[in-house]
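See below for the structure under consideration.
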Amino acid sequence: MTALTTQPSKFKRLFLPGIILQSVLIGGGYATGREIVEYGGKFGASGWISGLAIFFGFSFISILSMEACRQWQVYDYKSLLKKLIGKGWIAYEVVYLLLAILIIAVMAAAAGEILNQTLGFNKWVGVFLIITVVGFLNYKGDDVIAKLETIGTVALFAAYILFAITVFTNNGTAILKLFNSWNTSYMPEAPGIGILLWTGILYVGYNLAVYPASFFTYKDIRSRKESIIAGFISGLLMTIPWFLTYFAILAYYPDKNILAATVPWLKILEQFNPFLIGMFGVVVGWTLIETATGMIHAFIHRIETEMVERKGTPLKKINKALISFMALIAALALAQVGIIDLVAKGYEIMAYAMIVVYAVPLLFASRKLFTNR
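In the numbering used here, the protein residues as written are 2 to 374.
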C-alpha cells in the first residue's frame, strides 16, 4: 500500500517565505529606526514615495527569486547564482558575507547599549546571550528556526504596532500638520522624485542579502501563481514595519534629537511608559537573534549543500554552531566603528554591490522565467 503524502499547507506555501524574509530583514532593516531615517524619514512628507518604491521592489524581487528557485529546483544561493551568473557566483558569495557581517554589526552596535539601557544588562552579558542563542538555533536547524521565527514575527509585529499606536495617539496631529505643510525641512533642499525612488531602490538593494535565508521555504511553492501571491505577501510583510516607523518619526519631524539619534525608536519611546522601553529592549534583542540566525543559516545551508555534493554527508551540528560563533565575533569587531557610520556609509556601498551581483542578473533572467511553464 502506498503511503499518503501530506501536501504542504497554504500557510507554508504562501506566508512562510514572507515571514522568514521579514524576520531576517527586521534587524538590519528597521529595528533601531536609524535605517528608516536614512532611507525615507529624513525626507519628511515626501518619504512615503521611497516607501512605495521599497514595497514594489521587495515584492518584485521576491516573486523573481521564488520563481527562479521553483523552476530550477535550487534552494541555496550558490546553486541559484551559478544559474544566474555562472562562475561569477563567487563574487556574490564575497558580497553576501561582507554585507551579512555588516548588517549583524549594525545590530550588535545598537543591541549591547540598548539592552543595558532598557533591561539593565551589562553590555557584554547581553551580547554573549545573543551569540549563544544564535549558535543554538543554527545547531538545531531548519524546523526550529522556522517555528521560532514565525512566533517571533507575530510578537515583533505586535510590538511595533503597539509602539506606533502609542506615538500616533499622543502626537498624531503633528503628522497631519506635517503633510498639510508638506514639510521636508530636515533636508537642505526638497527632494525630487528621482532621489526618492532611488533611495527606495538602494534600501531594497542592501537588504537583498536577506533572500538566501528564505530559500529553504521555497521548496513548497508549486506554481507561478503561488510565486506571485507569496511574493506580494512577502513585500507587504517586509514593508508594513517600515511605514509604521516612518510615520512615528514624522510625529517628531524635523526634531534633530530624534532624526540624528543613534537609535531613534529608543529616543521616541523615552517619553512614554517605562514598560515600553523594556519591551523595546526585548524586541531589539530578538531582532538581532532573528537577523543573525537567518543570514548565518543561509551561509551554513550553502556549505552543507557543498558537503553533500562532494562527500555525501551533511554538516555536523556542532560545526554549524561554530560557524555562527565565528561570524558573530567578526561582526562584533566591525561594530566598534559605530552604528551611524555603518548605516550611512557601509550600507550604500554594499547596496550597489548586491544590486550588481543579484538583482541585475535576476532581472535579466526574468523574461526566461516568465516564458517557461
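Yeah, the Cβ is synthetic: ideal placement off N, Cα and C, and Gly gets one too.
Closest in alpha carbon position to Thr167, among Phe216, Ala252, Val285, Ala332, is Ala252.
Across the structure, Gly45 and Glu36 are spaced so that their CA atoms are roughly 14 Å apart.
For the pair Trp73 and Leu82, the CB atoms are not nearer than the 8 Å cut-off. Ranked by how close their Cα comes to the Cα of Pro242, the residues Thr306, Ile259, Cys70, Ser24 have Ser24 in first place.
By alpha-carbon distance to Phe12, the top candidate from Met351, Arg223, Lys312, Ile330 is Arg223.
Around the Cβ of Met239, a 10 Å sphere holds 16 or more other Cβ atoms; the residue is buried.
When DSSP states are grouped into helix, strand and coil, Ala322 belongs to the helix group. Looking only at Leu323, Phe233, Gly347, Lys369, the smallest Cα-Cα distance to Tyr140 is reached by Leu323. Taking the C-beta atoms as reference points, Leu333 is found no nearer than 8 Å to Tyr254. Gly232 is not a Cβ neighbour of Met355, given a cutoff of 8 Å. Burial check for Lys43: the Cβ neighbour count within 10 Å reaches 16 or more, so the residue is buried.
The Cβ-Cβ distance between Ser63 and Leu22 falls below 8 Å. For Glu307, the enclosing alpha helix (DSSP H) stretches over residues 275 to 312.
Separation of the CB atoms of Ala214 and Met296 is rounded to 6 Å, and the pair is thereby assigned contact status at 8 Å. In this structure, Ile131 lies near Ile290, with their beta-carbon atoms less than 8 Å apart.
The C-alpha of Leu270 is placed about 7 Å away from the C-alpha of Leu277. Here Leu120 is actually not in contact with Glu349; their C-beta atoms are around 32 Å apart, not less than 8 Å.
Between Thr288 and Leu157, the C-beta gap is smaller than 8 Å, which places the two residues in contact.
In this structure Leu364 does not touch Ala69 by the C-beta definition: roughly 11 Å separates them, more than the 8 Å allowed. About 5 Å separates the Cβ atoms of Asp77 and His302, confirming a contact at the 8 Å cut-off. In terms of CA proximity to Ala360, Gly206 leads the group Ala249, Gly206, Ile234, Lys321. Annotated three-state conformation of Ser224 is coil, per DSSP. For Tyr353, the closest alpha carbon among the candidates Glu227, Tyr97, Tyr187, Ala160 is that of Tyr97. In this model, Asp256 and Val135 are separated by some 36 Å (Cα to Cα). Looking at the backbone, the Cα of Ala328 and that of Pro315 are separated by about 20 Å. Apart from sequence neighbours up to five positions away, the residues of its chain that approach Phe326 with a beta-carbon distance below 7 Å are Ile132, Gly136, ordered along the chain.
Taken through DSSP and simplified to helix, strand or coil, Leu316 comes out as coil.
The beta carbon of Ala160 lies closer than 7 Å to those of Met280, Val284 in the same chain, with the five residues before and after it left out.
Inside the segment 124 to 174, DSSP marks no whole beta strand (DSSP E) run of 3 or more residues.
In this structure, Gly58 keeps its C-beta atom at 8 Å or more from the C-beta atom of Gly195.
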